[in-house]
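Student: My questions all concern the structure below.
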Amino acid sequence: MTSLTLSTALAPAVLAASGSEGNILLPHSYDLVWGTIAFLLIAGLLIFFALPRFTAVLDERTKKIEEGLALADKAKEDQKDAELKAARLVEDARREAAQIRDQAQDEARLIIAQARTEAQAEAGRALEAAQRQILADRQAAQISLRSDVGLLATSLAEKIVGEQLSDAAVSSRVIDRFLDSLESDTDALAQEAAHGEAR
54 MTSLTLSTAL APAVLAASGS EGNILLPHSY DLVWGTIAFL LIAGLLIFFA
104 LPRFTAVLDE RTKKIEEGLA LADKAKEDQK DAELKAARLV EDARREAAQI
154 RDQAQDEARL IIAQARTEAQ AEAGRALEAA QRQILADRQA AQISLRSDVG
204 LLATSLAEKI VGEQLSDAAV SSRVIDRFLD SLESDTDALA QEAAHGEAR
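Take 54 as the starting number for the sequence shown in this note's numbering and just add one per residue.
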């Protein structure tokens, strides 16, 4: 029953609407005119007032993005420059360390050479002093030996000759002749020994 009443109530409204307008999909002409005027008015307001602000905001944002990209590019270049500088500094430090090491080795060699030269000079001086001391000791021994041998020769000569050599000049001549003959005998024996070793 309700469906019948609903269809009977809607039928006159559908007939009235279809009979008066003709097509439900097309709006009335006054709606089209006022809708177009309202659209153009809103579009004009948007174009003249909102669009410039929107464009300014977009331009500002674009500018900030470009500045950010430029700063990022500059930061990358600065980083590359810093890395190159750091690499150069490291390389310079390595070269400087190598130079310092070479200089230290050269100085060490020089110090060793100087120490060696000083040691050789000191050894030469010590050897020379030792040779002088040996020569002085030898001369002192020869003098002592000569006087001892002279006294022995004098006492021996007195015993052989049977008289005392009281004259100092005669005693000295006898001692000198005896020592000279003793030295010549010793030198001859030394030369014969040297010739024997050379053979």
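For glycine and all other residues, C-beta sits at the position ideal for the given N, C-alpha and C.
1. Give a yes or no on whether 7 angstroms exceeds the smallest Cβ distance from Ala172 to chain C.
2. Three-state secondary structure (DSSP) at Ile77?
3. So Ala17 and Ile228 are supposed to be a Cβ contact under 8 angstroms. How far apart are they, rounded?
4. In the DSSP assignment, find the alpha helix (DSSP H) that holds Leu85 and state where it starts and stops.
5. Count Cβ pairs between the stretch 168-182 and the stretch 191-200 that sit closer than 8 angstroms; are there 3 or more?
Tutor: With the given structure in hand:
1. As a matter of chain content, chain C is missing from the structure shown, which is built from one protein chain.
2. Of the three classes helix, strand and coil, the one that applies to Ile77 here is coil, per DSSP.
3. Outside the shown range of the chain, which is 54 to 252, sits residue 17, and nothing can be said about it.
4. That run of the alpha helix (DSSP H) goes 82-98.
5. No, the stretch 168-182 is not in contact with the stretch 191-200.
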